[in-house]
Structures are given as C-alpha cells and as structure tokens.
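Trainee: Can you keep this structure in mind? I'll have questions shortly.
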Amino acid sequence: MPTNLPPEAMDKWEEVEAARTPREKMQKMQEFLKYVPQHKGTMKLRGEIKRKIALIRNDLEEKKRKGVGKSSGGPKLFIEKEGSAQIALIGMTNVGKSCLMSATTNSKVLVTPTPFSTHEPVPGIMNYGDIQFQLIEAPALMKGSSDGRGTGNVTLGLARNADGVILMVDLSRNPIEQLELILVELEKSHILVNKPSGRVTIDRRHAGTALRVILLGHLIDCNMRDVEDLLREYKIHDAIVRINGDVKLEDVEDAIFETTIYKPAVIAANKLDLKATETNLRILKQHVNGKLPVIAISCEHKVGLEELGKALFDRLGVIRVYTKDPG
1197 MPTNLPPEAM
1207 DKWEEVEAAR
1217 TPREKMQKMQ
1227 EFLKYVPQHK
1237 GTMKLRGEIK
1247 RKIALIRNDL
1257 EEKKRKGVGK
1267 SSGGPKLFIE
1277 KEGSAQIALI
1287 GMTNVGKSCL
1297 MSATTNSKVL
1307 VTPTPFSTHE
1317 PVPGIMNYGD
1327 IQFQLIEAPA
1337 LMKGSSDGRG
1347 TGNVTLGLAR
1357 NADGVILMVD
1367 LSRNPIEQLE
1377 LILVELEKSH
1387 ILVNKPSGRV
1397 TIDRRHAGTA
1407 LRVILLGHLI
1417 DCNMRDVEDL
1427 LREYKIHDAI
1437 VRINGDVKLE
1447 DVEDAIFETT
1457 IYKPAVIAAN
1467 KLDLKATETN
1477 LRILKQHVNG
1487 KLPVIAISCE
1497 HKVGLEELGK
1507 ALFDRLGVIR
1517 VYTKDPG
C-alpha cells in the first residue's frame, strides 16, 4: 500500500524537488523526514531518503576536505554518461575489475594484486561492433557497503546512476558467496537486477506541459484516476509517466521517490584460465539457473570479452540508429 504521507510531507517533498544545490537538497530532505511518520509502511522510504542524504553529505565533506573549487575533489558519485549506455562494474576486491578495464577500454588503470587499490571511479569506452559502452570501474564492494562502509556510498551510487551493471566474480574463489554478497548489498540499496513484473518511469523534463500517464501494461489495485490523483498529491503536474507491466499504486509512489530501481545485469565470471575453475563455473550457472546471463571470461588472456559485449547488448536492449546521408 502507498505510504499515505500527510500533506505537510508532500509539500516538503515539492521543496526537495525544487532545491537548486546539493546542500539545499540535503537540508530539504532532512526537513521532509521530520514529517514522515515512522511505521512499517514508511520504512523503505525513510531508508532511501537517509541513504540519499548520506550520499550528498559524503560528497560535500570530500569536497570540503580536498578544498572547495579544486578539480581533484573526492571520489565522484556520478560520472557524465558517454556512448550508447553506461555500465557500472561491480565486484569484491581482487576479482579482476581493473584487468577487465585494461583489456576492453582505453582507460589507464593500475592492475595490481593489492586489495582495494581502486579508490575512485574509473571510466573507459568498450567497443562492441559499432556500439560503445562506457564502463565505470567502481571501488570494491564489501559486506556493509549499503550501510556506508568503505566507499560503499560511491559504489552503490554509481550502480544507481548507470544504465546497467556487470557483476564480476572470481572463479578461483567461491563465486556463489561473492555473487550473493553483491546481490544483498544491492538489494539493501533497493537496486534490483532481476526484472520486476512492472515498471514506472517519471520523466519530469517536460515543464509547462500537461501531466500525461501512458499505460503500456496493467494496473493491479487501482485505476488511471487513482494514479493521476496520487501524482497531483505530490505536486507532479507536468511530467510524462510511463507504466509497463503489472503495476500497483505503491509502485507509482516508489517511482516518485526513486526508492526501488531496476538495472539490467550481466555476471562476468573471471579467471577462467586458472586450474579447477570449470567446476566453480558449472556450480555458479546452476545457482543462477538462467535468471541472469553468466559469461565466463579471462581478462588476462582476453577470452570471452566478445561474448560479454554481446550479453550487454542483448540485456540492455540497445537499439542501433543508422543515419542516412542526404541526397
């Protein structure tokens, strides 16, 4: 069920949306939380707002520590998108993320066995035919990343901002333990990698136009009037809202706050070249049971990289656009 926020909270959320600077947005979010009642129905919302506040606070503190105006800043929470799609490369330490970046992109990365050697995001362009994927190597994920441990806020922020994710595991170690840790941390951050039955997107870039709700699926416990009324309660009057699949009214509210999001994912099982990894690969595929593509690769020997590109292409549903010369 929707959280049924009081009118004061909805008014405060409008102020959050109107905030012009990160500091102002953080302050407005803190004020918004004061008006959100604490009960089971608001747990997910409160947790997500607190996570967003922590992300902004971390970014502001890093900029202050490094010096205002300096280009070095701290670890960037967001990287400007390039290419056909931005892909966040997520995994534990020493699984070969830097090696994959070196093997597939033009980025200059330090490939070292030293744990946690990647401290900030590293972008690079991976070519697949005439398609360019922007890979972002994120700092290593660990248990507790979703609670802000280590660089967890940065890594999970990159995953939320990307168009898709590569979940990277090391076949020379227990791949199931690694995968489950990644999935748990993503889930705690309300990031889904298995496609939900329904999806709601809200495009607010159409200021000045009337509210449009495009129904491409089915509404489970409500009708179009209920959806429009809910949007207007949150002062959303000029946006294009698309509803795909089977959707409940609470899914629409989740989309307003961007609490739970879906990211297409591919599992990259690295170090296939090492001995006794075929057994772990078979066990991993049995565990995943076809829910996600599992691509066996060896970054060291550049094996399986073409298959990885194809899996990304298929999973993200990238559409090629060809231009025709005039005349």
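All letters in the sequence shown, in the order written, are residues 1197 to 1523 by my numbering.
All residues carry an ideal CB built from backbone N, CA and C; glycine is no exception.
Starting from glutamate 1276, follow the beta strand (DSSP E) in both directions and report where the run begins and ends.
Mentor: Unbroken run through glutamate 1276: none, as it is neither H nor E.
Trainee: Check valine 1264 in the structure and name its three-state DSSP category.
Mentor: For valine 1264, the predicted structure reports a pLDDT of 48, less than 50, and the residue's modelled location is therefore unreliable. The matter cannot be settled from this model.
Trainee: May I ask which residues mark the beginning and end of the alpha helix (DSSP H) holding asparagine 1349?
Mentor: Taken as a continuous stretch (DSSP letters only), the alpha helix (DSSP H) holding asparagine 1349 covers 1348-1357.
Trainee: For the beta strand (DSSP E) containing methionine 1297, list its first residue and its last residue.
Mentor: No beta strand (DSSP E) contains methionine 1297, which is instead part of the alpha helix (DSSP H) from 1293-1300.
Trainee: Do lysine 1459 and isoleucine 1410 count as a contact pair if the criterion is CB distance below 8 angstroms?
Mentor: In this structure, lysine 1459 does not lie closer than 8 angstroms to isoleucine 1410 by Cβ.
Trainee: Among Val1318, Glu1376 and Val1514, which residue has its Cα nearest to the Cα of glutamate 1276?
Mentor: Comparing Cα positions, the closest option is Val1318.
Trainee: On a Cα-Cα basis, can you pick out the residue from Gly1500, Leu1504 and Gly1353 that is closest to leucine 1468?
Mentor: Ranking Gly1500, Leu1504 and Gly1353 by Cα distance to leucine 1468 puts Gly1500 first.
Trainee: Mapping DSSP to helix, strand and coil, what is alanine 1461?
Mentor: Strand, per DSSP.
Trainee: At the level of alpha carbons, what is the spacing between leucine 1285 and leucine 1296?
Mentor: Roughly 9 angstroms separates the two Cα atoms.
Trainee: Since arginine 1478 is in the beta strand (DSSP E), which residue starts that stretch and which ends it?
Mentor: No beta strand (DSSP E) holds arginine 1478; the alpha helix (DSSP H) holding it covers 1473-1484.
Trainee: Since leucine 1477 and leucine 1367 are thought to touch, with beta carbons under 8 angstroms apart, how far apart are those beta carbons, to the nearest angstrom?
Mentor: Indeed they touch by this definition, with Cβ atoms about 6 angstroms apart.
Trainee: How would you call glutamate 1333, buried or exposed, if buried means at least 16 neighbouring beta carbons within 10 angstroms?
Mentor: Flag for glutamate 1333 reads buried.
Trainee: How many whole angstroms separate the CB atoms of isoleucine 1463 and valine 1380, which I take to be in contact at a CB cut-off of 8 angstroms?
Mentor: About 15 angstroms; that fails the 8 angstroms criterion.
Trainee: Can you tell me whether aspartate 1450 is helix, strand or coil according to DSSP?
Mentor: Helix at aspartate 1450.
Trainee: Measure the CB-CB distance between isoleucine 1327 and serine 1280 and report whether it falls below 8 angstroms.
Mentor: Yes, the Cβ-Cβ distance between isoleucine 1327 and serine 1280 is below 8 angstroms.
Trainee: First and last residue of the alpha helix (DSSP H) that includes isoleucine 1372?
Mentor: Per DSSP, isoleucine 1372 belongs to the alpha helix (DSSP H) from 1371-1384.
Trainee: Between which two residues does the beta strand (DSSP E) harbouring aspartate 1399 extend?
Mentor: That run of the beta strand (DSSP E) goes 1394-1399.
Trainee: Could you compute how far the alpha carbon of threonine 1301 sits from the alpha carbon of arginine 1408?
Mentor: So the two alpha carbons sit approximately 41 angstroms from each other.
Trainee: Output needed for methionine 1322: all residues of its chain with C-beta closer than 6 angstroms, excluding positions within five of it in sequence on either side, in chain order.
Mentor: Closer than 6 angstroms at Cβ, skipping near neighbours: Thr1300, Thr1301, Phe1329 and Leu1331.
Trainee: Can asparagine 1466 and isoleucine 1436 be called in contact, C-beta distance under 8 angstroms?
Mentor: No, the pair does not count as a contact, with Cβ atoms beyond the cut-off.
Trainee: Grouping DSSP H, G and I as helix and E and B as strand, with all else coil, what is glycine 1513?
Mentor: Looking at glycine 1513 - three-state DSSP - the assignment turns out to be coil, as it is neither helix nor strand.
Trainee: Using the rule of at least 16 other Cβ atoms within 10 Å of the residue's Cβ for burial, across every protein chain shown, is serine 1393 buried or exposed?
Mentor: So serine 1393 ends up on the exposed side.
Trainee: Measure how close the beta-carbons of arginine 1247 and serine 1385 come, nearest whole angstrom, since I'm counting them as under 8 angstroms.
Mentor: Contact holds; Cβ gap of about 7 angstroms.
Trainee: Looking at the unbroken alpha helix (DSSP H) that takes in proline 1203, where does it start and where does it end?
Mentor: Note, proline 1203: alpha helix (DSSP H), 1203-1214.
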